[in-house]
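Enquirer:
2 protein chains.
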Amino acid sequence: MPNAHATFDRLADHYRQIALLTSIESMLGWDERCLLPPAGGDYRAEQMTLLAGMVHKRLTEPWIGDALGELAGTDLAADPASNTGASIRQWKRQYDRKVKLPQSLVEELARIGVLGQQVWEKARRDDDFAAFAPILTKIIELKRQQADALGYPECRYDALLDDFEPGELTSNVARVLSGLRAELVPLVAEIAASGRTPDVSLVHRPFPVAQQAALGHEVAAKIGFDFARGRLDTTAHPFCSGLGPHDCRITTRYDAAYFNSAFFGILHEAGHAIYEQGLRPDWYGLPPGETVSLGIHESQSRLWENLVGRSRAFWQHFYPVVQTAFPQSLAAVPLDAFYFAINDVRPSLIRVEADEATYNLHILLRFELEQDLLNGDLSVPDLPAAWRDKYREYLGLEPANDAEGVLQDIHWSGGAIGYFATYSLGNLFASQFFAQANRDLGGLAAQFARGEFAPLRTWLAEKIHSQGQCYTAAQLVERVTGKPLSHAPLIAHLREKLGPLYGL
Amino acid sequence: MPNAHATFDRLADHYRQIALLTSIESMLGWDERCLLPPAGGDYRAEQMTLLAGMVHKRLTEPWIGDALGELAGTDLAADPASNTGASIRQWKRQYDRKVKLPQSLVEELARIGVLGQQVWEKARRDDDFAAFAPILTKIIELKRQQADALGYPECRYDALLDDFEPGELTSNVARVLSGLRAELVPLVAEIAASGRTPDVSLVHRPFPVAQQAALGHEVAAKIGFDFARGRLDTTAHPFCSGLGPHDCRITTRYDAAYFNSAFFGILHEAGHAIYEQGLRPDWYGLPPGETVSLGIHESQSRLWENLVGRSRAFWQHFYPVVQTAFPQSLAAVPLDAFYFAINDVRPSLIRVEADEATYNLHILLRFELEQDLLNGDLSVPDLPAAWRDKYREYLGLEPANDAEGVLQDIHWSGGAIGYFATYSLGNLFASQFFAQANRDLGGLAAQFARGEFAPLRTWLAEKIHSQGQCYTAAQLVERVTGKPLSHAPLIAHLREKLGPLYGL
């Protein structure tokens, strides 16, 4: 079928060129967040707007629809998990979504996303939810329109979730998260009732930035981040950005008086980057060489940050290194005291500062509130009260004001509704993958204690990274672990780790 | 004439979009030279090639020629020094040059430029001119074709020079440089005969990099580099790059055992950057907001590096600061000994290491050899011998091998023939501008000694930077100084400075 091959190649070349443009956009964005001189912002925005317009134009050229139509039903499309089949499937998915949305709605969403963030920033600073409410109401209304234009299998929220977690259903996420909640709330209560708390002051001591940076480079390289194909730099709001098949950059921020921030932040971002570095370079910018979903991406960061980086075995190997780096602060601190301090579990009000266990409760309540807003079961003016009620119910705490309550996150202000769920999905995927890796590789803890991380990384690369988008997230978790996504592995992991620490 | 205005605006919008693309290309190039991970080079080249192709396509769209034709003879074009007139003139110049060159020649020049640099690199490493000769012969042949396609007023070399120094004539450069040579050769001989030499070991002492970097930032800011609109970073081969109307970045390299390299390098690059920062931002990417020529650009870097930065007055102000930064190496060194050490004049073999006086002899002989090669008066195989002869004649030295002789510079290997002259033109422009500024502002030395650099910078911004391309370099020097370019101000400056140091 030579024609189909030629058509496929034409599409692949087209998407490779789009990837060149989007990677350039990522380069400009990375520079903006890490280096750009203060006065350079306006022109940088013009540069990025030009590229975004070029990308959008190329993604919606009508010949793409025709070419994909030609390929439907050919051998190349027959196996949806093959490189060609996955490409055709994902291109079609993306193209259909793009052309379903009216241009006016796309522009209105882009405009209000920028405006919303500006309004939100001021509202949070002023602790003034009323100032944010009108634009949030408008955003919700536009997101309803977006969902209706895209269509959905069961509920509007499906259409929005699909932007971040392709193919996932709200009902399935709700099922898993409610199972998680049913076990997490009592676990957190048991921990609180244990009366035990670690001495967290151990990690709030002087940790000179130069040593933190050297240590951060060392640990990132140790777990497998390839510095020949990446960098580690500093920024205000850490992130990971892929700028090409052999250029993936992570960022962090250093707090000279707090150990956890940079160290676990670097493990987290390195986890994201190891995923990107594990993609197949020859398929860069095409579905077989792209990451599956935000949830799977987050699973890779959480796996290295929490399941590896907060494990006792990891610290059996790494604690002497860290003690040597910070002798004044840690030489006299026993391993077990340090290990307990970095595994402190306690309900708190701010999501980004939450621990491994309570974090998911922060997500769950956002996921529920988003659905209520979208369905019309909750009006925006009633949102702050609903927020406080849920925090009281799930975490036993109530924010003193909206700035540290409903206004704490940027996501909604930019129109990202349906995004939060992927954070918890990431934690769930991570535990389920990790449990399977532990079975397949036999005793990861012993390997970590010897400083051996390559077997786990190789396993992840083979099972997940190199698969690109050949499977959806749900298919991938089932292929890799033999079971659909479940809350059980995360709960088992938390009970196994926290049980001994808190004497449960 | 509303139609002409609409046509002008359409062209201006088009060139503004091209500037967005070229500034993005500059951003990618800057990152490549400062930060790019080792494995990222191939994909970066693909990104830059895509952008270069987009720019080339936009620069040669046939409607541009039609639009410029419409504007010819209109009021907008009447005054060639007005914003609109200069724009139309420069657009036409650029468009005509682009369309005169056959696509095949453009591609062959690009290809052989890349190949030539690779061959040259290996030839220099192996000290093997014979390995470089065939491709240099080919390059010379292609440059002849390029000159013939472009056309020229007097000689082929004019057409190549015009790429770097628009509107300049070979005969005029030859006139000025031969005048310079006639006075420079005896001056250098007098210096050699004086028997005096500074103790240059004073600047070859320990200079910790962290202090050099802090000092570099301080001196760049002091002379007027605006860090809100720029950065200073490290790289292997220092350069200055404008990435937008408010983002101009300079780079340097630090040698922990040598003072001059970073300090004067930063002054040099900051001089380039102050020019870029002095352009009118509202005309960014359009001729009234662009730099005139490489010679004028180099005049700004040389002015701050040499005429300011190597002056005694500058050091009256700055030496205590530098002594405080490097007490171990300089606390016991008197100002005059330091000042003499940074003004050491002695013939040498390597252009980039040459001093303020002998530097121009390195340029002059390259300028002469280039013309001989282009005219066919010299064949490539005879070039090394001709090189040695000229070094013996002008500088009294002969390279021991071709690696530190004819193979030392990258320029020819990439097809940049006609470029070298702009280095000396820069020195000449700098002295002529500086002498005029000194007259206009009355006693710059006294201002420098008080640490006042703003009057000079403001004068340069008004007289030169803000003029953009409204005048050619030759017009500009005549407007600013009342005289055509001459070697006299540079010789006067050198005699005035070096006379007392060497007891001439």
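So the protein sequences, as listed, match chains A and B.
Note that the working numbering gives residue 94 to position 94 of the first sequence, counting from 1, and the numbers run on in steps of one.
Adding 1000 to a residue's 1-based position in the second sequence gives its number in the working numbering.
We put the beta carbon where it would ideally sit given N, CA and C, even for glycine.
1. Applying the 10 Å Cβ sphere with the 16-neighbour rule, what's the burial state of A/R249?
2. Under 8 Å, with one C-beta from each stretch per pair, do the region 375-390 of chain A and the region 220-240 of chain A reach the 3-pair mark?
3. Please check if any C-beta of chain B sits within less than 7 Å of the C-beta of A/P399.
4. Where does A/D247 sit, in a helix, a strand or coil, going by DSSP?
5. Quick check: what's the CA-CA separation for B/S1299 versus B/L1374?
6. Across which residues does DSSP place A/L232 in a beta bridge pair?
7. Using Cβ-Cβ distances below 8 Å, what residues of the region 27-46 of chain A are close to chain B?
8. Quick one, which residues of the region 1440-1468 of chain B are near chain A if we go by CB-CB under 9 Å, in chain order?
9. Could you pull out every residue in the same chain whose Cβ sits closer than 7 Å to the Cβ of B/P1455, ignoring the five residues on either side in sequence?
10. Is the separation between the beta-carbon of A/S329 and that of A/P206 shorter than 7 Å?
11. Can you pull out the residues from the region 229-260 of chain A whose beta carbon lies closer than 9 Å to at least one beta carbon of chain B?
12. Using only the heavy atoms of the ligand ADP, determine whether one of them is closer than 6 Å to the beta carbon of B/L1395.
13. Please list the partners that B/F1227 has in chain A, where partner means a Cβ-to-Cβ separation under 8 Å.
14. Please report the straight-line C-alpha distance between A/A519 and A/L160, rounded to a whole angstrom.
15. Would you mind telling me which residues of chain A sit closer than 8 Å to B/Q1211, beta carbon to beta carbon, in chain order?
16. Are there 16 or more other CB atoms within 10 angstroms of the CB of A/F227, so buried, or fewer, so exposed?
17. A/I18 and B/Q1047 look like a contact to me (Cβ under 8 Å); what is the Cβ gap, rounded to whole Å?
18. Say whether the region 460-474 of chain A touches the region 333-342 of chain A, bearing in mind that this needs 3 or more beta-carbon pairs closer than 8 Å, one atom from each stretch.
19. Please classify A/V308: is it buried, with 16 or more other beta-carbons within 10 angstroms of its beta-carbon, or exposed?
20. What does A/S178 pair with, by DSSP beta-bridge criteria?
21. Report the neighbours of B/L1202 on chain A: residues whose CB is nearer than 8 Å to its CB, in chain order.
22. By alpha-carbon positions, which one of B/T1458, B/R1093, B/Y1015, B/P1038 ends up nearest to B/R1058?
23. In whole angstroms, what is the alpha-carbon distance linking A/T251 and B/I1135?
24. Closest to B/F1433 by CA distance: which of B/W1412, B/A1473, B/E1452 is it?
25. My guess is that A/M27 and A/L243 are in contact by the Cβ rule of under 8 Å, so how many angstroms apart are they, rounded?
26. Mind reading off the beta-carbon distance from A/T176 to A/L485? Whole number of angstroms is fine, and I expect it under 8 Å.
27. Going by C-alpha distance, which of B/W1063, B/V1119, B/I1342 is nearest B/W1412?
28. Going along the chain, which residues of its own chain have a beta-carbon closer than 6 Å to the beta-carbon of A/L215, five neighbours each way excluded?
29. If we ignore side chains and look at the alpha-carbon of each, how far apart do B/A1039 and A/A270 end up?
30. Under 8 Å, CB to CB, which of the residues in the region 1014-1026 of chain B have a partner in chain A?
31. If the cut-off is 8 Å on Cβ atoms, which residues from the region 1048-1061 of chain B count as contacting chain A, listed in chain order?
32. Quick check: the Cα distance between A/E370 and A/G418, rounded to an integer number of angstroms?
33. In three-state DSSP terms, what is A/G242?
34. When the distance is taken between beta carbons, is A/A449 closer than 7 Å to A/Q323?
35. Helix, strand or coil for A/L407, going by three-state DSSP, please let me know.
36. When you compare each of B/H1272, B/D1127, B/G1179 to B/I1223 by their alpha carbons, which one comes out closest?
Expert: Result, derived from the coordinates:
1. buried
2. no
3. no
4. coil
5. 27 Å
6. A/I250
7. M27, L28, D31, L35, L36, P37, P38, A39, G40, D42, Y43, R44, E46
8. none
9. L1441, Q1447
10. yes
11. R229, G230, R231, D233, L243, G244, P245, H246, D247, C248, R249
12. Only the bare structure without any ligand can be found here, which leaves the ligand ADP out of the picture.
13. P37
14. Any question about residue 519 of chain A goes unanswered here, given that chain A covers just 1 to 504.
15. The contacting residues do not exist; B/Q1211 stays about 16 Å from chain A at best.
16. exposed
17. About 12 Å; that fails the 8 Å criterion.
18. no
19. buried
20. Its beta-bridge partners do not exist; DSSP assigns none.
21. Within 8 Å Cβ-Cβ: nothing; B/L1202 doesn't reach chain A, min ~31 Å.
22. B/Y1015
23. 44 Å
24. B/A1473
25. 5 Å
26. Reading off the sequence, residue 176 of chain A comes out as Val, not Thr. Yes, they are in contact, since the Cβ atoms of A/V176 and A/L485 sit about 6 Å apart, within 8 Å.
27. B/V1119
28. A325
29. 18 Å
30. Q1017, L1020, L1021, S1023, I1024
31. L1050, L1051
32. 7 Å
33. strand
34. no
35. coil
36. B/H1272
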